[in-house]
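*Asks:* These protein sequence lines are chains A, B, C and D, in that order. Just so we're aligned: 252 in this note's numbering is position 252 of the first sequence, and the numbers increase by one with no gaps anywhere. Just so we're aligned: 351 in this note's numbering is position 14 of the second sequence, and the numbers increase by one with no gaps anywhere. Just so we're aligned: 990 in this note's numbering is position 316 of the third sequence, and the numbers increase by one with no gaps anywhere. Just so we're aligned: 1074 in this note's numbering is position 63 of the fourth sequence, and the numbers increase by one with no gaps anywhere. Where is the CB? At the ideal position from N, CA and C, for every residue including glycine. All of these numbers come straight from a predicted model, not from anything done at the bench.
There are 4 protein chains.
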Amino acid sequence: MIIIMKPSADPADLERVVARVRSMGLNVHLSEGEQRTVIGVVGLTAGIDRTSFEVMRGVESTVRITQPFKIASREFKPLPTVFEVGGVTIGGQGLVIMAGPCSVESRSQILESAHAVKEAGAHILRGGAYKPRSSPYSFQGLGEEGLELLAEAREATGLPIITEVMGAGEVDLVVKYADILQIGARNMQNYRLLEAVGRTQTPVFIKRGMSSTIEDLLMSAEYVLAQGNYNVILCERGIRSFERYTRNTFDVNAIPALKQLSHLPVIGDPSHGTGRSDLVAPIARAAIAAGADGLMIEVHPHPDQAWSDGAQSLRPEGFAALVTELRALAAVVGRTL
Amino acid sequence: MIIIMKPSADPADLERVVARVRSMGLNVHLSEGEQRTVIGVVGLTAGIDRTSFEVMRGVESTVRITQPFKIASREFKPLPTVFEVGGVTIGGQGLVIMAGPCSVESRSQILESAHAVKEAGAHILRGGAYKPRSSPYSFQGLGEEGLELLAEAREATGLPIITEVMGAGEVDLVVKYADILQIGARNMQNYRLLEAVGRTQTPVFIKRGMSSTIEDLLMSAEYVLAQGNYNVILCERGIRSFERYTRNTFDVNAIPALKQLSHLPVIGDPSHGTGRSDLVAPIARAAIAAGADGLMIEVHPHPDQAWSDGAQSLRPEGFAALVTELRALAAVVGRTL
Amino acid sequence: MIIIMKPSADPADLERVVARVRSMGLNVHLSEGEQRTVIGVVGLTAGIDRTSFEVMRGVESTVRITQPFKIASREFKPLPTVFEVGGVTIGGQGLVIMAGPCSVESRSQILESAHAVKEAGAHILRGGAYKPRSSPYSFQGLGEEGLELLAEAREATGLPIITEVMGAGEVDLVVKYADILQIGARNMQNYRLLEAVGRTQTPVFIKRGMSSTIEDLLMSAEYVLAQGNYNVILCERGIRSFERYTRNTFDVNAIPALKQLSHLPVIGDPSHGTGRSDLVAPIARAAIAAGADGLMIEVHPHPDQAWSDGAQSLRPEGFAALVTELRALAAVVGRTL
Amino acid sequence: MIIIMKPSADPADLERVVARVRSMGLNVHLSEGEQRTVIGVVGLTAGIDRTSFEVMRGVESTVRITQPFKIASREFKPLPTVFEVGGVTIGGQGLVIMAGPCSVESRSQILESAHAVKEAGAHILRGGAYKPRSSPYSFQGLGEEGLELLAEAREATGLPIITEVMGAGEVDLVVKYADILQIGARNMQNYRLLEAVGRTQTPVFIKRGMSSTIEDLLMSAEYVLAQGNYNVILCERGIRSFERYTRNTFDVNAIPALKQLSHLPVIGDPSHGTGRSDLVAPIARAAIAAGADGLMIEVHPHPDQAWSDGAQSLRPEGFAALVTELRALAAVVGRTL
């Protein structure tokens, strides 16, 4: 960390800052410019609050040099994290496709969906039993009944299931059914929830918050990792920008950036990342071309009757065509599908 | 709600959409333009998911005409919501000043802070016992000990206290101490938490999420209101934008917009809204000039030793000077302080 | 400027960077941390391109410490810039109100508008003769005829006039009529235009670009100042964010920030800053409370017939009521009106 | 266009709106809901200013149904625009690679660059002779000398050249040298410049503004097209968002969106779209996978000595390796390279 003093800072200001740094067991390296003094802080600074220095008299600003995340970083673990979920390898050379409807709506719907996505080439079945809805008056999901239906679909198809958990109080229940626990974008900084899933041994899939930076996402992963659960998957699902033609702006830059900064697997969600079914295929291709380890795609056998929270589902035949395209693309980028 | 069909939509597409509208007990009003048909949906549409129509074949887009929030709206309740907390009236003619440190750090710190802000004119003491930190390695607050110290500070000064609750599982505990429950920006769409505080009768203070729209904020308030807790306070605390000189962009437009759309009290937080102590005073004035019902301001007796999560504290003397300024300003905008 | 080397940088990388710094006549101050070396660049660095260093092998990032603007900065000129335009003092203790329609539409419209805003208390008449429109098929303004009508309105009322100039090729013409040259938000980084108005002696009013930072705005001012025209006025008119209830997000933080960083007068434009006539009054008050030196407000005698490019006009009676309110507010913030 | 009246609108309000619509030669289709009346405007509405209706008494909001651009739209011209520049086909099945340094720095630099990018597989040479710099004190380009050097590089290699024109006053000069005229992001809404290049017959390459929507970009293209110059190329080069790890956020969604909405060729610029040389390759692949017709990439033989305005150049060997990768990718997406 670097602390930049104001030109108007006096020696007493400088001394107070230096004393505070030293009180944390860190060393300082002073650099006096023509106009101002710059303090280099030497030592393990990852846990330090920069703002605690920014509020001090005489301090102009601070600059972080080292990353604030540790276990999530490539420096901590240079090789990619690879693990298995129900026979599916995540983070390896093979791309992973998670597909299914937004919500579990009924037994027939989830079974039909599961068979359809399996046939088209998906590896993991997605479906929401607990749905975070912006309106308290909207459909909130089937709850535990939905979890049971997902488990039945798993049994019928052999596909592992990923489903969202919305609160720390529900983790014990959801973990009984889910192969992967999904943290939704709105809960990306719900630290109690992150801690709770971190205490399980079930893999955790964290969706980037709508206005969370790449660093924020890695810090949320760090919350889970710090509890001892090392099977974390990161998901880019679009951020909020001024653009209104698409529901979200798919931040494709984040995919190679996350792969550089971290060893954790990275999944792209072009369904939420665009909000338009006619853009899902090109953005799915773009995500894989940029280095994603897989995709999460909304697929519904009858989109005209689907419940939706913002993404537009592909029909199974459209999804199957996309998987075929992706197979050719995978080979070009050194992956398999 | 209006549903706009694509120019390429065929009669069967139109029929399916109309049938779905009618299946929800709503009526349609068709308007055929030269290029496309527009469907007006007539009836109570607030609970409807627009996206469920947007995924249908032949549909180009939908437009919501009525607001999706109900109990929070001015149409539902034209007169402002006014209520009392520990002898302090919120939402009335009098402005309400909430002040105190970011975190409860020690007994002496919170007592000194409480006396200082009371003397300067604050009505309510703020202070965090549970702190949502982006790093799992940062100070997370004193927890229940912090709540006890806040209660002691209340007893010593008579100031009611506002403090953050981070998870649904902690509501029962925090509600025993707090006069107002604060929902932090990162938890604004933590629906389990909103439901839990909605089931208490303690007033709830909701901070706008860093990238939440005005409508999102009102929908989060609706979650609390829908549970039967009508004492909700809205807080503008800055949003994320591309600007980097300030930590956040204080969306002053949101203040009169929220007052128009809703009857709920609106508080401005210039400390987080700017992230710079040298901008707190002008933005505090701006918030009041724009129609805010009060302010939340970080004040610390020794900012050089303060823990901070992004806001920069004022010193008590600076805060006292600001309150004096605001007193003159209040009179000009028809308020008292 | 500070240059942060990568942990992987080797001595040859460091040497190349140091050599390049020295080749620019600057000195270096090396600070070696445990993991990486940080280079402090000492000397006059304002004209240096940071990115030219960022592309060098071994460099991780750079941090600017001193501001890149010079003549626009408070450090260069601590006292506020105050000047007169047609008898109106700008930047002094008195607040300045610029008002009038979006566009000059006809002789009667601009004369009626001019008399109405003068009567209500405005000091300067605004009106567009050349209009930057997002569609080439929309009304583009009356051109020189509009300038002549503005001049006639000035003669009739004594109000100086401010009007937009859209291209370097039109400066010679517009300068014959205008008392203040307005640079629109879309042209804020049209450097040829900035240079051209910088070569005149007519005051220049620069609107902040829709996604320009505070620093960008000051750099655009620097372009004008560097040509020798020191009468520059800065205008905050709203930025683009994800919020959709208002047309733009009025960045009220920018007002005190610009006043701190620069000696130039700062004007707020609540008409474009909100896009909603029902929010103009509270945001006008907020701008003044935050320290603005004046306001630009759209006023039209017949809003139902007005051409508009995004702002909603006040009626003259609404504008007059607002000016009365602002008079009381001015006194509280130590200004006059 | 749809006009939504307020619930409080009275019959006289409605009548005034209807009369204004009819005065423009358009028809209305009224739809009365339970709470409010909605007016469908039937006819050619592309040139209408929605805001002129939004300012009318009783109007709540308006919704545009048809796109405001005409000649740029797929509806106007369903087949893709394909044209030749110096023997290179743009917009056809073959991908087009434009490469070269940010700025022309010297004769040897541009000649070395031209030979290097040609050898690596580029089709068109890029290089700036006039540089829009945020600081008036930074290097502004070699001007006409730079144009002459570009022409010499073209002669030496056979590569057509693309270079930026910054003002309407320079078009006559630049057009003598350039094969393609580049409009920079900061000038995307410099309408005088767009009109001036529209009056030439030289192809125009428009970079999306840093906070311009997809619609804004197409409207800027419309300015050029409306003057009779139909050879327009659109370029996605990253937008401004809250993310700070990358210099810009490459909006990959815009690529298929622009291809759907318009027949014009679309080029991706991963150099500016990321600002980091280590992300150029994955984002170049993503742009092609998403359907781009080509790429613009910064390449410099000696990045350590390069002038830069934000992008980081690839070295020729890195660029050559990327082109090889892209060749395999092109085949998978049905293109050639």
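Please classify residue 555 (chain B): is it buried, with 16 or more other beta-carbons within 10 angstroms of its beta-carbon, or exposed?
*Replies:* Buried, by the Cβ-count rule.
*Asks:* Figure out for me which residue from C:871, C:773, C:818 has the closest Cα to the Cα of residue 975 (chain C).
*Replies:* Here the closest residue by C-alpha is C:773.
*Asks:* Please name the residue in B:464, B:355, B:599, B:644 whose C-alpha comes closest to that of residue 419 (chain B).
*Replies:* Per the Cα distances, B:599.
*Asks:* Taking residue 913 (chain C) as the query, report the chain B residues whose CB atoms sit under 8 Å from its CB, ordered along the chain.
*Replies:* Residues of chain B passing the Cβ test: 578, 579, 580, 586.
*Asks:* Of the choices C:782, C:836, C:885, C:868, whose alpha-carbon is the least far from that of residue 902 (chain C)?
*Replies:* Closest by alpha carbon: C:868.
*Asks:* How about residue 1117 (chain D): is its C-beta nearer than 8 Å to some C-beta of chain C?
*Replies:* Judged by the 8 Å Cβ criterion, residue 1117 (chain D) is not in contact with chain C.
*Asks:* Going residue by residue through the stretch 139 to 165 of chain A, where are the continuous beta strand (DSSP E) segments of at least 3 residues, counting only ones entirely within it?
*Replies:* The qualifying runs are 161 to 164.
*Asks:* Suppose you measure from the CA of residue 158 (chain A) to the CA of residue 187 (chain A); what does that come to, to the nearest Å?
*Replies:* Straight-line Cα distance between these residues: approximately 29 Å.
*Asks:* Consider the Cβ of residue 213 (chain A): report whether some Cβ of chain F lies at a distance smaller than 8 Å.
*Replies:* This model lacks chain F altogether, as its protein chains are A, B, C and D.
*Asks:* Should the stretch 68 to 76 of chain A be called in touch with the stretch 254 to 269 of chain A, which here means at least 3 C-beta pairs below 8 Å?
*Replies:* Touching, yes, given that three or more Cβ pairs across the two stretches are closer than 8 Å.
*Asks:* Name the residue from C:904, C:932, C:919, C:899 whose alpha carbon lies nearest to the alpha carbon of residue 910 (chain C).
*Replies:* Nearest C-alpha to residue 910 (chain C): C:932.
*Asks:* Rounded to whole angstroms, how far is the Cβ of residue 621 (chain B) from the Cβ of residue 640 (chain B), which I believe are closer than 8 Å?
*Replies:* Contact flag wrong, Cβ pair sits at about 17 Å.
*Asks:* Between residue 196 (chain A) and the rest of its own chain, which residues show a CB-CB distance below 6 Å, the 5 nearest in sequence each way excluded?
*Replies:* Correct list, in chain order: 168, 171.
*Asks:* Closer than 8 Å, CB to CB, is residue 230 (chain A) near chain B or not?
*Replies:* Not an interface residue.
*Asks:* Name the chain A residues that come within less than 9 Å of residue 1271 (chain D), Cβ to Cβ?
*Replies:* Here the neighbours are 278, 279.
*Asks:* Using beta carbons (cut-off 8 Å, strictly below), is residue 303 (chain A) in contact with chain D?
*Replies:* By this cut-off, residue 303 (chain A) is not an interface position.
*Asks:* Residue 1126 (chain D) lies in the alpha helix (DSSP H); which residues open and close that run?
*Replies:* Note, residue 1126 (chain D): alpha helix (DSSP H), 1118 to 1131.
*Asks:* Using a Cβ cut-off of 9 Å, pull out every chain C residue sitting near residue 1104 (chain D), in sequence order please.
*Replies:* The premise fails here: residue 1104 (chain D) is roughly 31 Å from chain C at the closest Cβ pair, so nothing lies under 9 Å.
*Asks:* If contact means a Cβ-Cβ distance below 7 Å, which residues of the stretch 812 to 828 of chain C contact chain D?
*Replies:* Within the stretch 812 to 828 of chain C, the residues whose Cβ lies closer than 7 Å to some Cβ of chain D are 812, listed in chain order.
*Asks:* Would you grab the beta carbon distance between residue 246 (chain A) and residue 275 (chain A) for me? Rounded to a whole angstrom, and I think it's under 8 Å.
*Replies:* With 8 Å as the limit, residue 246 (chain A) and residue 275 (chain A) qualify as a contact, their Cβ atoms being about 6 Å apart.
*Asks:* Find the nearest neighbour of residue 649 (chain B) within the set B:571, B:481, B:632, B:616, judged by alpha-carbon distance.
*Replies:* Residue B:616 is the option with its Cα nearest to residue 649 (chain B).
*Asks:* So the beta strand (DSSP E) residue 906 (chain C) belongs to, where does it begin and stop?
*Replies:* Looking at the DSSP string, the run of the beta strand (DSSP E) that includes residue 906 (chain C) is 906 to 910.
*Asks:* Can you give me the start and stop residues for the alpha helix (DSSP H) that residue 1363 (chain D) sits inside?
*Replies:* Lying outside 1012 to 1348, the shown extent of chain D, residue 1363 (chain D) is not represented and no answer is given.
*Asks:* Comparing C-alpha positions only, which one of B:464, B:352, B:446, B:514 sits nearest to residue 634 (chain B)?
*Replies:* Cα-wise, what sits closest to residue 634 (chain B) is B:464.
*Asks:* Can you tell me which of A:216, A:337, A:120, A:190 puts its alpha carbon nearest to the alpha carbon of residue 317 (chain A)?
*Replies:* Of the candidates A:216, A:337, A:120, A:190, the one whose C-alpha sits nearest the C-alpha of residue 317 (chain A) is A:120.
*Asks:* From residue 110 (chain A) to residue 306 (chain A), what does the alpha carbon distance come to, in whole angstroms?
*Replies:* Each residue's alpha carbon lies about 11 Å from the other.
*Asks:* Whose Cβ in chain B lies nearer than 9 Å to the Cβ of residue 1003 (chain C)?
*Replies:* Simply 626, 666, 669, 670.
*Asks:* If I follow the unbroken alpha helix (DSSP H) through residue 708 (chain C), where does it start and stop?
*Replies:* Run containing residue 708 (chain C): none; DSSP gives neither H nor E here.
*Asks:* How many whole angstroms separate the CB atoms of residue 714 (chain C) and residue 680 (chain C), which I take to be in contact at a CB cut-off of 8 Å?
*Replies:* The Cβ separation is near 17 Å, so there is no contact.
*Asks:* Can you check DSSP and say which residues form a bridge with residue 950 (chain C)?
*Replies:* DSSP lists no partner for residue 950 (chain C).
*Asks:* Find the residues of chain C that neighbour residue 1147 (chain D), judging by a C-beta separation of less than 7 Å, and give them in chain order.
*Replies:* Ordered by position in chain C, the residues that pass the 7 Å Cβ test against residue 1147 (chain D) are 896, 897, 900.
*Asks:* Ignore the nearest five residues each way along the sequence and tell me which others in residue 350 (chain B)'s own chain have a CB closer than 6 Å to its CB.
*Replies:* Closer than 6 Å at the Cβ level, and outside the excluded window around residue 350 (chain B), lie 394, 395.
*Asks:* Give the range of the alpha helix (DSSP H) segment to which residue 176 (chain A) is assigned.
*Replies:* That run of the alpha helix (DSSP H) goes 171 to 177.
*Asks:* For residue 1067 (chain D), does the three-state DSSP call read helix, strand or coil?
*Replies:* Coil at residue 1067 (chain D), not helix or strand.
*Asks:* Looking only at its chain, what residues have a beta carbon closer than 6 Å to the beta carbon of residue 1098 (chain D), apart from the 5 residues adjacent to it on each side?
*Replies:* Nothing meets the Cβ criterion.
*Asks:* Between residue 354 (chain B) and residue 234 (chain A), what straight-line distance do the alpha-carbon atoms span, to the nearest angstrom?
*Replies:* Using only the alpha carbons, I get a separation of about 37 Å.
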